[in-house]
């Protein structure tokens, strides 16, 4: 014999809705999806809910349970106390269609924009060969069931719809990382594409995507952070940049991603005996303060539209420029703020 428990379920559509209270019988071993099915069978036959496998492998039944993005088929009722009201709401990041069903087509659009695996032209299907260590490196990312819980919890787009056009999200960052480390993928500019057209720079690695992943993929530690490090090595480290210019002539020029099409043109072959190229310098013969500007910037600068890069050296810091019409430079403002702090 089951016990009666309290539930609050969001009912509504794109025009609005509210939370409704229900008293539902709960039996031992049941999951939240069982309760939704019982609600449909006994009290609310028109309750909309998306589901498919009920085994935690299709990703269809994504929703928010007590504010946490979860799979309803994998959330056992035993995780809640008997007197706890269980609140069930749709995914917050995506538009509501009806009740617990949301429009996740944003993710399908980003999937189409992500360049696919590009095998070597000289190999036919069936001729691909990989070392087991290479298989294991990317196998973790292929466990993704595309439940989009990571996309839903990512704060970059959760409360900022304006970030969606330039931002692909953690699900597709692990796809880019997987292909970037794939030994048979001939594209060499996945990192540059992720930075310029997928919005990799927007991610500030709070690890909220990793926390909600039902497949326990270490999205941040094993995919996003290594990808960011490789982008930094290739774009921001002047020694690595100069070393590539001198010692790795096959990578002197790289194809630029096309953010409009979401595809990357093939790289042109380089002459076998091309000499090293000198780094760009200014009129005084000094190396420029490079990589503070992006030719294909994914979105507006967080510093505001009135700021142009590269900034003068005296204004380079990790804080936003001072606003409000002040004549002080950011460095001066920060120094004054530190001096005004009480000392103990």
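Residue numbers (the numbering used here): 858 to 1201. Where a beta carbon is used, it is the ideal one built from N, C-alpha and C, also for glycine. Given the structure is predicted, the values throughout are model-derived calculations rather than measurements.
Residue burial classification, residue i (beta-carbon count within 10 angstroms, cutoff 16)
i            : result
residue 917  : buried
residue 983  : exposed
residue 873  : exposed
residue 925  : exposed
residue 1037 : buried
residue 980  : exposed
residue 1023 : buried
residue 1073 : exposed
residue 992  : exposed
residue 888  : buried
residue 985  : exposed
residue 862  : buried
residue 1067 : buried
residue 886  : exposed
Endpoints, beta strand (DSSP E) assigned at residue i
i           : result
residue 868 : 860-870
residue 955 : 953-955
Where the alpha helix (DSSP H) containing residue i begins and where it ends
i            : result
residue 992  : 989-996
residue 1013 : 1012-1015
residue 961  : Here residue 961 belongs to no alpha helix (DSSP H), and DSSP marks it neither H nor E.
residue 1031 : 1027-1037
residue 943  : Unbroken run through residue 943 is the beta strand (DSSP E), 943-946; no alpha helix (DSSP H).
residue 1053 : 1047-1054
residue 1068 : 1065-1069
C-beta contact flag for residue i and residue j at 8 Å
i            : j            : result
residue 913  : residue 884  : no
residue 966  : residue 1071 : no
residue 1057 : residue 1009 : no
residue 1007 : residue 1069 : yes
residue 938  : residue 923  : no
residue 1001 : residue 1065 : no
Inter-stretch contact (C-beta, 8 Å, three-pair minimum) for the stretch 958-965 and the stretch 923-939:
no
Can you check the stretch 862-938 for any beta strand (DSSP E) of at least 3 residues that lies completely inside it and give the ranges in chain order?
873-883, 919-922, 925-928
Does the pairing of the stretch 1027-1042 with the stretch 1070-1090 give three or more beta-carbon distances under 8 Å?
yes
Answer yes if the stretch 998-1017 comes into contact with the stretch 972-979, meaning at least three C-beta pairs across the two stretches below 8 Å, and no otherwise.
no
So, does the stretch 893-902 touch the stretch 874-881, judging by three or more C-beta pairs under 8 Å?
Yes, the stretch 893-902 touches the stretch 874-881.
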